Amino acid sequence: MTKKKTKKISLTNEFVFEIVKTLISILIALGLTFVVIVLLSDNPIELFTKLLTAPVTKVRYFGNVIEMMIPIAFSGLAVSLLFRTGLFNLGIEGIYFIGGVVTAAVACTAIDSYVLHPILSILIPAIVGGLLMLIPGFLKAKFNANELVVSLMLNSIYLGLGLFIIKNYLRGIDTSAIASPAFQETAMLDYIIPNTRITISFFLLLIAVFLVYLLLYKTRLGYSIRMTGTNMKFALYSGMNAFTLFMLVHFISGFLGGIGTSVELLSLYGRFTWIVLPGLGFNGALMAMLGRNNPVGVLISAFFISYLAKGAEVMALGSDVPVEIMAIIQAVLVLLVSSQYFLRKWRERQLLKEGTANELS
Amino acid sequence: MSDTILKLDNITKIYGNGVVANKNVSIDLKKGEIHSIVGENGAGKSTLMKIIFGIENASSGTITYKGKEVHFSNSMEAIHAGIGMVHQHFMLIPSFTVVQSIILGMEPIKHGIFIDMKKALSQTKELAKKYNFDIDVTKKIADLSVGEKQKVEILKTLYRDAEVIILDEPTSVLTPQETVNLFNELRKFKDMGHTIVFISHKLNEVKQISDRITIMRNGESRGTYNNADITIEKMTDLIIDRDLITDYSHLRKDYENVSTVLKVDNLSIERKTRFILKDVSFALKRGEILGVAGVQGNGQAELVRCITGLMEQTHGKILLADNDISKDSIKQRRVKGIAYIPEDRMGDGIAEQASVSDNIISTYYDRKDINSRFFMLNKKIVAEADRLIKKFSIKTQSSKTKIGSLSGGNIQKVVVAREYNTAPSCMIAEQPTHGIDIGSAEFIHTQLIDMRNKGAGILLVSADLSEVMNLSDRIVVFYEGEIVGYFKSVKGVTENELGLYMLGVKRQTPEELGGALND
Amino acid sequence: EGGEEQEQPEEKVFKVAFVLPFIGDQSYFDTVNAGRLLVEEYENVETTLIEAGDDTSKWDSIMTDVAEGGYDLIVSGNNTYEAHLYTAAAAYPDQKFFNFDYTKSEDLANVYSVTYDTAELGYVAGTLASLITTSDMEKANPEKMIGVIVGMDIPAMNEFIGGFCQVATELGVQVVIGYPESFADAAKGKEMSLNMFEQGVDVIWQVAGGVGVGVFEAAAEAGRYALGVDQDQYAQFIESQPALAEVIVASMAKNCDLAVKRAVDFLIAGEYPSGVETLGITENGVGLIVNDYYLEQVPEAIRTQVDEVLGKVSSGEVEVFSVLADPDGWAAVKEAALAAK
Amino acid sequence: MNLADFFASVLTTSFVFVIIRVAVPLVCASLSAYTAGISGMNNIAVEGIMLMAALMAVLGSYWTQSAWLGLLIAILTGIVMALMIALFSMRLGANPILVGIALNTFATSFSIFLLYLFTKNKGSSASLASKILPTVDIPIIKDIPFIGDIISGHYVITYLVVLAMIVIYLLIYKTPLGLRIKAAGLDQEAARSVGVNVNRVRIISLIISGLIGALGGAYITMGYMSVFVKNIISGRGWIGIAVAGMAGSSFPILIITTMLFSIFQAVTNIFLLYNLPSELINTIPYVAVLVGIIIFSITETRKRKKGELD
Ligand SMILES: Nc1ncnc2c1ncn2[C@@H]1O[C@H](COP(=O)(O)OP(=O)(O)OP(=O)(O)O)[C@@H](O)[C@H]1O
Ligand SMILES: Nc1ncnc2c1ncn2[C@@H]1O[C@H](COP(=O)(O)OP(=O)(O)OP(=O)(O)O)[C@@H](O)[C@H]1O
Ligand SMILES: [Mg+2]
Ligand SMILES: [Mg+2]
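So, in structure tokens, the structure goes:
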């Protein structure tokens, strides 16, 4: 009895170990941050407390955390599917931009329905996103064109193309900035939680996480994604059709990207104002990696990073510490959490102890 | 005791996943001996060798080399100390040339910093000549046959002039003649004072070459014996605790409805300068095993890839039960009844990072019984996997274990179990027991015969002549992309005679060869 | 200290928050910040600078925080960010706001906005540049060509160069316009400027934030002139990079700092206005910065003419073309300037 | 402006000079991604390395009041960042790509953080009296017509980069280390089995990668420019990564592609003055690379089908 108990909480348990490791990583990252804050500020304790607790001090702040989480979680999901398939494609960044332009086009069109308009404003960018992702998908599947190169080039091309469209065909005449007209009121998503700007997009995200989870772990497509991702030759040999698979994965990924960008714009923006790539796609890649390409992992990473970002933002407002401090926390954290060998020696010693103990008994 | 060069004391190795690969193993190697290590798959042989070579660290225990305790933390240190190793799986880089592969890590230098390519070339050429290895050192590894690659691996060790040479299953892909050559060389090394550690599953070879033999089982040593003191039967007994079947004839049953299941019709693969396959025709019938003999690299691999759909032929047709499948996708061919045990089990056969259960269903993952309309039925998959694990006595912690951590033999069993499980009408078995221990090999052989008895046609491609002779009903011999010999029955055919066809010395007339298609 | 002030309520301290995306843009966010430092000098004013970053999805939230922060006045603005000011202003009608650079067409009672006549500014810059290229100043060439590097091809930016093009056409000087489509890629700015100089341009005005540094670099390397924008860019560089400063014969200022000071003055005086005010040359909202280097480098004849133009524009004698007011006319003005010779 | 003007400006020796000037940071980026990549340690933090190096060049030369020491500090920064990839992926088992992405995001913010710390300004280093490296007129050569115009008169770092290019070529193709680097990249197990210290080889590759990337960053703020502006690298690092991805292990393809991109970039810089839609003109180099890689991939696929490859 007692033996079983000790085994359950012991570090040799993969899951327990991961959690302990993550906690220690967080502590180290925060420790470093604290040092930096001490160096920069006169009242480090107060600022540090703010950093950690600010997001839960106000409903609105916590809402902000969720708001920040949604777009990067969507792009994280999109990217994780690609990574899972063994495709190193960073094209979601470009999809966010051009998908945003498409969102603007739909959302600025007069459609007199509070139901249909949002649906179309999300669905059309999603489909366009999916179709556009088929470009690198096709080039990869058919000609084995390096998807990283293709996607990076397409990102820059979509930026230029999107700006061109906005300037020439979709410019808001009520602003002297380069931006689309204000979205139709019918297209905007309603805030569903008072004091926050959380919209239906939050539930869309949860549904997306669930569906991607099902897709990856419960369906035949997911199975072939996972097998292709680990060994493409093997997948081929087993009779899986790489071409169809690549096309499907790219489409789904682009589709998710399209949803991500449209709900972001329809919830928080009100008009399309991006003049550079928004960085949400790259951030998504980070979430995907941090979450080990697991949809739930992506969600947790996105929440966590957003929480810290909000904490850092509140802390930095009006203080001596620039908000860029977030970069330090995030980098250290991402690096440590994703370090598989971090604390490994320790764990191995534990394993050996237990292994020999088992041998003896 | 002074002649002991390397001594292992109570070596225990526990892998990160908790597998205990070696348990208190103690072995001493004498200077100038050939010391074989035998044991079933997963017994811990390779692990032990990796520990000696500094690739893995022992969890406990000590290594004494030339009287001093050593701790090699990487292979560089082991190499500098004079230990060389030929690994079980090839350690070669396809885009490198033979010369580059051989000199890598010990490059001749000119002007202080640059590689002396001229010297490297002459040195490696000389080396190959000295040991009678017929190989073009300017070729790329990718263009070599498996046998040639094995030679390069051995040349690498020789080039480093190792005092202790570890050979982890070096003969599994060599022809009998090549094995004889290798053994002559090994004896030469021995006479020159080198110590050789030799790992093989072919016990007759072990018996032939060894001075002493250590037998391993379940990570433990079951003792070291002088060659003279142990018989093959005794070894078998220590390895698997039972007797082996060596002759399968009593297992064979005649299949009733003999019909052609696979017909290969004038198949050719043409490349810029030469034919890889030329006008290959044969028929494979239900209830038979058709053996394909030949030195590796004579087109057998390409033939198999064409049949399975991994490669496209330039001319000719492939018919499965009279349907032309030449243009079908891999999947379609599989659905129509082709199964395939691939030669490259690590590359094609499995996804190393995935679990055993994921691997064991890959070719029929969409089959009805393990799927509902939208979802895969995890419980049923696990149940199926567990059933196969049991049936094929696969040694694994569970069906959720990463397959990459299984031993070579057990990985192969997973592959065989999977292909078996599709109840194919046509099974392409390519080197099915390459590197597999005697127990597992026997098991796989009986499974193949069982399938044959139930009416599958089996195309057995193997470099192991005794395997071909033992299992096949009929045999074709490949040489330079063509069928040069056809034997309607294995009775009366000797390995030596096959060897003559394999080396291109003898060749049958077109009429005689026509039997492969028409019999 | 704080306690003492509490006891003497008549000594009211005015808390003013400045919400900017960041400072150090080599442009008018810096100038606004300069305004902040100006009013910070007042005994009874306390300022807080909040750098909210350029991700506009976060601005509403930050604005709300600031609006709830108990400030007497919130200063913010610019075409990209002012929407969030208005959102907060609508939600907190008792809070006073100052929009230091207004472009939005709607209006709220608790917001006082100013806008700058950048078209007038461009007209002055164009005059100076045209006079320089036709002069025999040391680094001028015989070709009558001037250039302008504009961060992006958008109306708010083009407003700067409508007048610039207009006056160049009038003076028979050809204009080369370059849009790097970036405010950061200084290297690109430099390459484009060098290409302009190669084509015969001898003075370039930069309206491109960080890219402007590239313009100065190019001018220094090619031995030509450049004009600065928003603040005294000669002063900005003379200490640290004199070689760059020496190409900047003049800067066209958008005096946001003065506008900020004006607004705070109103606040302290208790007569904080509402509505929109356009600050042109007359109101000292925009203008030419006259420093010693300008006096030293630019011949008196030219300076006199520029002063004359300043007067004419100020008095309304010259009607300056505005891209914002006449978007459809812009194409023609641009064509004319590109073709003029 | 008309077509004739355009050709007049393109078909000149000075235009070749311009191409070289534009190409230098891109060559650095490509080489940086390439040297790391062929050792099997993908470095996608090139952008971040260049950015931090560009900043540290300015700060370093300001602190030390010496351009050369500034360059040294920039290079050390680049190397340290590259070694972070080594540390985290080799010692701690993180995915190098992830480390790269993390370093990029880090550099974007951290460069601003540092800039703010030392200048109280988040946009540029205009207030710092930093130093720059001189341009070099090569005696004798500079007087040769055409050739002199093209190869003389560049910034010091340009020559350093050309030198580095030659050294890297020789290193990869002619030295034992080069062979080992390739081996480590193609199959680390195989390399390890013959005693190649894969980790050491990769660390060396990363050091070179960091060094050359840093040179690219320093080039921009220590000669080409004399001031750091936030986000001044503006995607050049990513272009290097794309080019290296396209070139695979081939050094010649790497250099050719980089130069082609640079030519397109230089032409784009001219086109931008021609009253054309600038946002579309800006995509020209990217479209060119995209078209390039499509054609490249199609021919490779054809060849493979015909069995001329593999
Ligand atoms: N890297 C690894 N991680 C975890 N377990 C491993 C690893 N390598 C081997 N093992 C396990 O250690 C045991 C011994 O494996 P080893 O490869 O030494 O066997 P072997 O005797 O060489 O077998 P074979 O004859 O099949 O080559 C096996 O159970 C295997 O699954
Ligand atoms: N590091 C090196 N040292 C000495 N010789 C080399 C080295 N690398 C290559 N060579 C020689 O140069 C020839 C071409 O080498 P390279 O590595 O470019 O081969 P490749 O297959 O053409 O290219 P890659 O494999 O990089 O795609 C080789 O055949 C080899 O003889
Ligand atoms: Mg083994
Ligand atoms: Mg002139």
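Chains as they are written, first to last, in our numbering: chain A, 1 to 361; chain B, 1001 to 1519; chain C, 2001 to 2341; chain D, 3001 to 3310. The C-beta atom is built at its ideal place from N, Cα and C for all residues, glycine as well. The structure presented is a predicted model; accordingly, all values stated were derived computationally and were not measured.
> Which of helix, strand or coil does DSSP assign to Trp2205(C)?
Replying inline: strand
> Could you check where the beta strand (DSSP E) with Tyr1486(B) kicks off and where it finishes?
Replying inline: Glu1482 to Phe1487
> Mind listing which residues of the region 3283 to 3297 of chain D have their C-beta closer than 7 angstroms to chain A's C-betas, in chain order?
Replying inline: Thr3283, Tyr3286, Val3287, Val3289, Leu3290, Ile3293, Ile3294 and Ser3297
> Relative to ligand 1, is the shortest distance from any of its heavy atoms to the C-beta of His979(B) smaller than 8 angstroms?
Replying inline: Outside the modelled stretch of chain B, which goes from 1001 to 1519, sits residue 979(B), for which no answer is possible.
>> Please return the same chain residues whose Cβ sits closer than 6 angstroms to the Cβ of Tyr2022(C), not counting the five positions on each side in sequence.
In response: Note on residue identity: the sequence assigns Phe, not Tyr, to residue 2022(C). The answer, listed in chain order, is Glu2051.
>> Taking CB distances under 9 angstroms as the criterion, tell me whether Ala3004(D) reaches chain B.
In response: no
> Name the chain D residues that come within less than 9 angstroms of Asp2257(C), Cβ to Cβ?
Replying inline: The contacting residues do not exist; Asp2257(C) stays about 16 angstroms from chain D at best.
>> Please report whether the beta-carbon of Phe3017(D) lies at a distance below 9 angstroms from any beta-carbon of chain A.
In response: no
> What are the boundary residues of the alpha helix (DSSP H) that Asn2158(C) is part of?
Replying inline: Pro2155 to Glu2170
>> If we define contact as Cβ-Cβ less than 9 angstroms, is Ile3150(D) a contact residue for chain C?
In response: no
> Ser2251(C) bridges to which residues according to DSSP?
Replying inline: Gly2228(C) and Ile2289(C)
> Distance, Cα to Cα, Gln1296(B) vs Met3259(D)?
Replying inline: 45 angstroms
>> Quick check on Ala3129(D) - is its C-beta less than 9 angstroms from some C-beta in chain C?
In response: yes
> In chain C, what lies closer than 7 angstroms to Glu185(A) by C-beta?
Replying inline: Correct list: empty, because the minimum Cβ distance to chain C is about 14 angstroms.
> Is there at least one non-hydrogen atom of ligand 6 closer than 8 angstroms to the beta-carbon of Tyr1015(B)?
Replying inline: No copy of ligand 6 appears in this structure; the ligands present are ligand 1, ligand 2, ligand 3 and ligand 4.
> In the region 2224 to 2253 of chain C, which residues sit with their C-beta less than 9 angstroms from some C-beta in chain D, listed in chain order?
Replying inline: Gln2233, Gln2236, Phe2237, Glu2239, Ser2240, Gln2241, Pro2242, Ala2243 and Leu2244
>> Quick check on Ser121(A): buried or exposed, where buried means 16 or more other Cβ atoms within 10 Å of its Cβ?
In response: Counting Cβ neighbours within 10 Å, Ser121(A) comes out buried, since at least 16 surround it.
>> Is there a Cβ of chain D sitting closer than 9 angstroms to that of Asn146(A), yes or no?
In response: Interface residue, yes.
>> Given this structure, state the Cα-to-Cα distance separating Ser15(A) from Thr22(A), to the nearest angstrom.
In response: The sequence shown places Phe at residue 15(A), rather than the Ser named in the question. Cα-Cα distance, rounded: 11 angstroms.
> When DSSP labels each residue in this structure, what does Val1356(B) get in the three-state scheme?
Replying inline: Val1356(B): helix per DSSP, three-state reduction.
>> Using a Cβ-Cβ cutoff of 7 angstroms, what residues of the region 3264 to 3282 of chain D are near chain A? List them in chain order.
In response: Pro3277, Glu3279, Leu3280 and Asn3282
> Just how far apart, CA to CA, sit Pro55(A) and Thr2047(C)?
Replying inline: 25 angstroms
>> Please classify Ser25(A) as buried or exposed, where buried requires at least 16 other C-beta atoms within 10 Å of its C-beta.
In response: buried
> Taking only runs of the alpha helix (DSSP H) that begin and end inside the region 3129 to 3185 of chain D, which ones reach a length of at least 4 residues, in chain order?
Replying inline: 3147 to 3151 and 3156 to 3174
>> Between Tyr341(A) and chain D, is the shortest Cβ-Cβ distance under 9 angstroms, so that the two count as touching?
In response: yes
> Which class does Glu2181(C) belong to by DSSP, given the choice of helix, strand or coil?
Replying inline: coil
> What are the boundary residues of the beta strand (DSSP E) that includes Thr1064(B)?
Replying inline: Ser1060 to Tyr1065
> Would a C-beta distance cut-off of 9 angstroms place Leu163(A) and Glu2181(C) closer than the cut-off?
Replying inline: yes
> Counting only beta-carbon atoms, is Pro1424(B) nearer than 9 angstroms to chain A?
Replying inline: no
> If you count every other CB in all the chains shown that lies within 10 Å of the CB of Ile19(A), and 16 or more means buried, which is it?
Replying inline: Around the Cβ of Ile19(A), a 10 Å sphere holds fewer than 16 other Cβ atoms; the residue is exposed.
>> Here's the rule I'm using: 16 or more other beta-carbon atoms within 10 Å means buried, otherwise exposed. How should Asp3310(D) be labelled?
In response: Residue placement at Asp3310(D) is poorly supported in this model, since its pLDDT is 42, which falls under 50; the coordinates are not used for a value here.
> When the Cα of Ser1060(B) is compared with those of Ser1036(B), Asp1028(B), Ile1011(B) and Asn1226(B), which residue comes out closest?
Replying inline: Ile1011(B)
> Using the beta-carbon count (16 or more within 10 Å), is Ala2269(C) buried or exposed?
Replying inline: A residue is called buried once 16 or more other Cβ atoms fall within 10 Å of its Cβ, and Ala2269(C), having fewer, is exposed.
> Hey, would you say Gln2233(C) sits closer than 9 angstroms to Gly2212(C), going by beta carbons?
Replying inline: yes
>> My parser needs the beta strand (DSSP E) runs of 3 or more residues fully inside the region 1128 to 1152 of chain B; what are they?
In response: none
>> For a quick check, are the C-beta atoms of Leu2258(C) and Asn2284(C) less than 9 angstroms apart?
In response: yes
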